[in-house]
Every structure is written in structure tokens, then in C-alpha cells.
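Engineer:
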Amino acid sequence: MTEGPKDTTVAQEFDPRTSTIVIVTFNRSHLLTRLLASISTMDPKPGHVVVIDNASTDDTTDIVAGFDGKIGAEIVYRRLDTNTGGSGGFSEGMRTAYDLGSEWIWLMDDDVEVVPDGLSRLSAWTPRFRHIQGRRYDYDGSEFYWQYRVSPSLGIPIPFAPAGFDDSGYREMNSGCFEGMFIHRDLVAKIGLPDPRFFIYWDDTVYGYLASRHEPCVIVNEFVLRRTREIKQWDMGTRHLNASSDMYRYYIMRNRGIMRHYYAANGDYRPLAFALGTAATFVKEMIRLAFVERKITKTGWSNLWRGMRDGWQISRNRDFGIMPPLAG
1 MTEGPKDTTV AQEFDPRTST IVIVTFNRSH LLTRLLASIS TMDPKPGHVV VIDNASTDDT
61 TDIVAGFDGK IGAEIVYRRL DTNTGGSGGF SEGMRTAYDL GSEWIWLMDD DVEVVPDGLS
121 RLSAWTPRFR HIQGRRYDYD GSEFYWQYRV SPSLGIPIPF APAGFDDSGY REMNSGCFEG
181 MFIHRDLVAK IGLPDPRFFI YWDDTVYGYL ASRHEPCVIV NEFVLRRTRE IKQWDMGTRH
241 LNASSDMYRY YIMRNRGIMR HYYAANGDYR PLAFALGTAA TFVKEMIRLA FVERKITKTG
301 WSNLWRGMRD GWQISRNRDF GIMPPLAG
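Quick note: the sequence shown, position 265, residue 265 per this note's numbering, numbers continuous.
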């Protein structure tokens, strides 16, 4: 593992108290408990921890209250009236952190825990980059591989992007992952908040794509998170194909209609190539059903088709506007 860039100005340029961890949670208080406990062991610690509760019906509110004043960072708790999905949660979390004046915003779901020196590992790269993705361990302790490059014309991840790192310790990316995205407020101001209309899926891919259009974005060879929830998957060596759900299958296809508007607004929409990417996404989900979940169900099929139909309708909506920047 690399030690990060050698830069004697890091300590002066990065103040951990100006950073904020944003957590989105929904009815998984047992996992949220582990995450908040891991934050209490961090060194250094962030200034704030924002918890966005997507209208949970379990004891999430009590769990958060129990950690108040005990983790070494100020907890800001927002319970939403309805479940807005991960997309809505991260949009609200980003807005809250931005309004707090946070210089750096670290996003994560509730099913991970933070490596104690994770913030320090990320901060070593802040003099050079403003959008940084750390690595994470999978549930079993293995190295989780995330596809960090996308083809804008196809609108899908590039599966043969190299998994290893060279001596630089980083690889440039043009995608994003809200499971660990570390982003500076200046970049957030330029591209705006995450689009809550995605509900789930493709939201972070598009957000990372937008960030990469402004300045270099990187994934660094630093392990900063550890997954705490076991997910059924097909292990393909350096790649993993995780199990999904009928709801995810619907939004995977439906949200390509939203993606189309973002690529078109930035001059990267190619109708034939994007249609091919949509077909490839459909096939991938069928492979996921067959080889990961080992079932081909009527609801699986119907949700894919329904999502593709609704996505086509969204893509044809000429009144659909993308999220505006926060500044300028």
C-alpha cells in the first residue's frame, strides 16, 4: 500500500474540524450503531457528523441520540418525512454539510465502518485533488474492487479498467461512488447537489462524471472503509457482481432516462451508443439474476422492462432540467 503523496504542507492545509461525514440510513439501526462507534475511535475526527434518516420506523432516532456528545464530533440529525432513497438522502446530506460551512464532505451509507486513520489517509491527498475516492474492505476482509471509469457515450462502467495501482498510488476516474466519496465544497458549488430524482442507482455515477468535467478526480490506494453487511455476490477474481432486488432492477433501467439528460447537457450524449449501453445494462441484470441470485422470476423481468419503459419516457421529456450549480 502506498503512503500517499509526500507533501509537508498537508498539516497546514487540511483541518479535520472543517470536514463532515454524511451518513444516510434507513431502518438499519444495528448497522448505524457500528458506524457511529467506529467514528468515535477515529484519529483525527471530523468536525461534524450529519445523519440523514430516511423516515426509519425502527429505533434509529434513539440510537443517534445515544451517541450525541460521545463520538468527539457534533452530530446533526435530520429525519425526513418520507423515504427519499439514497439519492434523496445524499442530496439532503450534502446540502446540510454545505450549509454548515464544511470544507470537505465524506459520504457513506450505514453499512460500513470507518478505518480509525481513514480521514488522515484521505487528507494526505487534499493538496492535489478535490474529489477523492478511498478504497474499502469487503465484508469478508477482501479488497473490494469498484469500477472507477465509465464510458460517457455508452453510459456504463468500463469493466476492463485496471484494478491495480502504479507507483503514483492513484488512478484518475470519471465516475463516483457515494460509498466513500470525499469531495471539496468548491467542487460541490460548481456542480450542485446530487439529483434526488434518481432515488437509487446511477446518482453517484453521474455526480462523479460531473465532477470530473471540472478537475481531475481520483481513486487512491488507501483503505478507509470496511463493509459491515454481507451481500450475496459472484466473485470473479478482482471483480464482484453483487445481488440486487426488484426495486434496484427497476431503477437501474428507469434512471438511464435521467442520465441521458445529464450527458446531453454536457455534450456527451450519443443516441446509438447510449442505446447499446442500455441493452448491455439489461443483459448484465439478467446475468445477475442467473448467476448471483440464481433465479429468473417474472417480477425480475417485469421490473427491468417497466424501468426501461419509464426511463424512455423520462428521456423524451423536454422539460426535464438538471440540477443547477450552487454558486456562480
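A virtual CB, placed ideally from N, CA and C, is assigned to each residue, including glycine. It should be emphasised that the depicted structure is a prediction, and the values quoted were computed from it without experimental measurement.
How big is the Cα-Cα spacing for G88 and I183?
Structural biologist: Cα to Cα, G88 sits roughly 18 Å from I183.
Engineer: Count the other C-beta atoms from every protein chain shown that fall within 10 angstroms of the C-beta of A189, then say buried if there are 16 or more, exposed otherwise.
Structural biologist: A189 is exposed by the Cβ-count criterion.
Engineer: Helix, strand or coil for D43? Go by DSSP, reduced to three states.
Structural biologist: In the structure shown, D43 sits in coil (DSSP, three-state: anything other than H, G, I, E or B).
Engineer: Starting from M108, trace the beta strand (DSSP E) in both directions and tell me its first and last residue.
Structural biologist: Segment W104 to D109, the beta strand (DSSP E) holding M108.
Engineer: Answer yes or no: do V115 and L35 have a C-beta to C-beta separation smaller than 9 Å?
Structural biologist: Cβ distance not < 9 Å, so V115 and L35 don't count as in contact.
Engineer: Give the range of the beta strand (DSSP E) segment to which S19 is assigned.
Structural biologist: From DSSP, the beta strand (DSSP E) with S19 extends over S19 to T25.
Engineer: Quick check on DSSP: helix, strand or coil for G164?
Structural biologist: Reduced to three states, the DSSP call for G164 is coil.
Engineer: Quick one: does the C-beta of I63 sit closer than 8 Å to a heavy atom of the ligand ATP?
Structural biologist: As for the ligand ATP, it is missing from this structure, which has no ligand bound.
Engineer: What is the residue span of the alpha helix (DSSP H) that R316 lies within?
Structural biologist: No alpha helix (DSSP H) holds R316; DSSP gives it neither H nor E.
Engineer: Can you tell me which of Y209, A290 and R309 puts its alpha carbon nearest to the alpha carbon of Y251?
Structural biologist: It is R309.
Engineer: If you measure between the beta carbons of V50 and A97, is that distance less than 9 Å?
Structural biologist: It is a contact, given that the beta carbons lie within the stated cut-off.
Engineer: Buried or exposed, going by whether 16 or more other CB atoms sit within 10 Å of the CB of H214?
Structural biologist: The residue is exposed, with fewer than 16 neighbouring Cβ atoms inside 10 Å.
Engineer: Can you give me the C-alpha to C-alpha distance between W106 and M94, rounded to a whole angstrom?
Structural biologist: Roughly 9 Å between the two C-alpha positions.
Engineer: Can you tell me whether DSSP reads E92 as helix, strand or coil?
Structural biologist: In this structure, E92 counts as helix in the three-state DSSP scheme.
Engineer: For N303, which three-state DSSP category applies?
Structural biologist: N303 falls in the helix class under three-state DSSP.
Engineer: For I52, which residues in the same chain have their Cβ closer than 6 Å to its Cβ, ignoring the five residues on either side in sequence?
Structural biologist: The answer, listed in chain order, is V24, R78, G89, E92 and G93.
Engineer: Taking only three categories from DSSP, how would you classify H214?
Structural biologist: Here H214 sits in coil by DSSP.
Engineer: Mind checking who F282 pairs with in its DSSP beta bridge?
Structural biologist: Its beta-bridge partners do not exist; DSSP assigns none.
Engineer: Sort L272, S212, G208 and R306 by Cα distance to R249 and report the nearest one.
Structural biologist: When each option's Cα is compared against that of R249, the closest is R306.
Engineer: Do you know offhand how far P16's Cα is from V64's?
Structural biologist: When rounded, the distance between both Cα atoms is 22 Å.
Engineer: Excluding sequence positions up to five away, which residues of its chain have a Cβ less than 7 Å from the Cβ of L31?
Structural biologist: Closer than 7 Å at Cβ, skipping near neighbours: D110, D111, T228 and R229.
Engineer: Suppose contacts are defined by Cβ-Cβ distances below 9 Å. Is S19 in contact with W104 by that definition?
Structural biologist: For S19 and W104, yes; Cβs fall inside 9 Å.
Engineer: Cutting at 8 Å between CB atoms, please list the residues of its own chain near D43, excluding the five before and the five after it.
Structural biologist: Here the set comprises P116, D117 and S120.
Engineer: Please classify S153: does DSSP put it in a helix, a strand, or coil?
Structural biologist: Residue state, collapsed to three classes: coil.
Engineer: Short of 6 Å in beta carbon distance, which residues of its chain neighbour W202, apart from the five on each side in sequence? Order them along the chain.
Structural biologist: Excluding residues within five positions, the ones whose Cβ falls inside 6 Å are N255 and M259.
Engineer: What whole-angstrom Cβ distance do M173 and C217 have, given they're in contact under 8 Å?
Structural biologist: Their Cβ separation, rounded to whole angstroms, is 5 Å, which keeps M173 and C217 in contact under 8 Å.
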